[in-house]
Amino acid sequence: MALNFNKYAAEGNTFIKDYAKEMNMANDTDKAGRIFTAIMHALRDIIPMEESLQFISQLPMFVKAVYVNGWAVKKNKPKIKKMEDFLDLVRSHDYPAATNDFEYNNEVAERYVDTTFIYLRKYISLGEMEDLRDNLPKDLKSMIYLNMMF
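Numbering (my numbering) for the sequence shown: 381 to 530.
Set out below in C-alpha cells:
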C-alpha cells in the first residue's frame with residue numbers, strides 16, 4: 381500500500397476547516413486545531429489503551445496522527461470523575477493557549493467537547509461510540525450518550 385501524504389494533508393485540511401465551522405470559529409482553524417487536539421489527548425488519557433486502539437482504528441489517518449502525537453502510555457490514569465475534572469484535563473493539554481481557547485468558562489468548554497463528539501460521529505460507528513462511552517466514568521458518559529445519535 382502506497383502512502384499518499386498529499387492526500388492525507390488535503391483531507392486533514394478539509395477536516396479542520398469543517399470542524400472549525402462546526403465550532404463557530406471558521407476563521408480560526410489554528411484555535412480549532414488546538415481545541416480538537418486537547419480534547420483527543422484528554423480522552424486518550426482517561427480511557428484504557430485497548431479502547432484507544434479500537435477508537436483510532438476507525439479514524440482517518442490524519443486524525444490518528446493527532447491522537448497519537450506525543451502519546452506516552454501511563455500506568456496511572458488521571459482520576460477524572462466529573463465533567464469539570466475532564467474540562468480541566470482538556471485545558472491542561474491546551475496550555476498555554478487554554479485561557480484564550482476555552483475562556484476558562486465550563487459552558488464554552490463543554491459545548492466544544494459536545495460539538496467534537498457530534499462531529500466525530502461522522503467517522504466512528506455507533507457501536508464504537510457506545511464502547512467508548514462504556515469506558516468513561518459515570519459522570520462523563522453523557523458527553524457521548526447525548527451525542528451518539530447525530
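Just so it is clear, CB atoms sit at the ideal spot from N, CA and C, and this is done for glycine as well.
The model shown is predicted, which means the values in this text are computed figures rather than measured ones.
Simplified DSSP state of residue i, which is helix, strand or coil
i: GLU445; result: In the sequence on display, residue 445 carries Ala and not Glu. The answer is helix: DSSP assigns ALA445 an H, G or I state.
i: ASN386; result: helix
i: ALA422; result: helix
i: TYR492; result: helix
i: LEU415; result: In the sequence as displayed, the identity of residue 415 is Ile instead of Leu. Residue state, collapsed to three classes: helix.
i: GLN438; result: coil
i: ASP408; result: coil
i: ALA452; result: coil
i: LEU516; result: coil
i: GLU483; result: coil
i: TYR499; result: helix
i: LYS531; result: Nothing about residue 531 can be read from this structure; the chain reaches only from 381 to 530.
i: LYS397; result: helix
i: MET523; result: helix
i: MET429; result: helix
i: SER505; result: coil
i: ASP474; result: coil
Residue i versus the options, residue with shortest Cα-Cα distance
i: ASP398; options: LEU467, ALA445, ASN386, ALA412; result: ALA412
i: THR479; options: ILE524, LYS455, ILE415; result: ILE415
i: LEU469; options: ALA422, TYR499, GLY392, MET403; result: ALA422
i: ILE396; options: ASP425, LYS521, GLN434, VAL446; result: VAL446
i: MET463; options: ILE524, PRO428, ASN407; result: ILE524
i: ASP494; options: GLU508, ASN386, PHE466; result: PHE466
i: SER437; options: LEU516, SER522, LEU512, PRO517; result: LEU512
i: ASN391; options: LEU439, MET420, MET403, GLN434; result: Correcting the residue type first, residue 391 is Glu in the shown sequence and not Asn. When each option's Cα is compared against that of GLU391, the closest is LEU439.
i: LEU433; options: ILE504, ASP410, TYR492; result: ILE504
i: ALA418; options: ALA477, ASN384, LYS455, GLU402; result: ALA477
i: LYS521; options: ILE460, VAL453, PHE442, LYS454; result: ILE460
i: ASN510; options: PRO458, GLU431, ALA489, TYR484; result: Checking the displayed sequence, the identity of residue 510 turns out to be Glu instead of Asn. Checking every option, the nearest Cα to that of GLU510 belongs to GLU431.
i: LYS444; options: MET420, PRO458, VAL453; result: MET420
Residue i beta carbon near the ligand SAM (any heavy atom closer than 6 Å)
i: GLU483; result: Looking at this structure, you won't find the ligand SAM or any other ligand, since it has none at all.
- Message: Counting beta carbon pairs with one atom in the stretch 497-516 and one in the stretch 423-430, are three or more of them shorter than 8 Å?
- Response: yes
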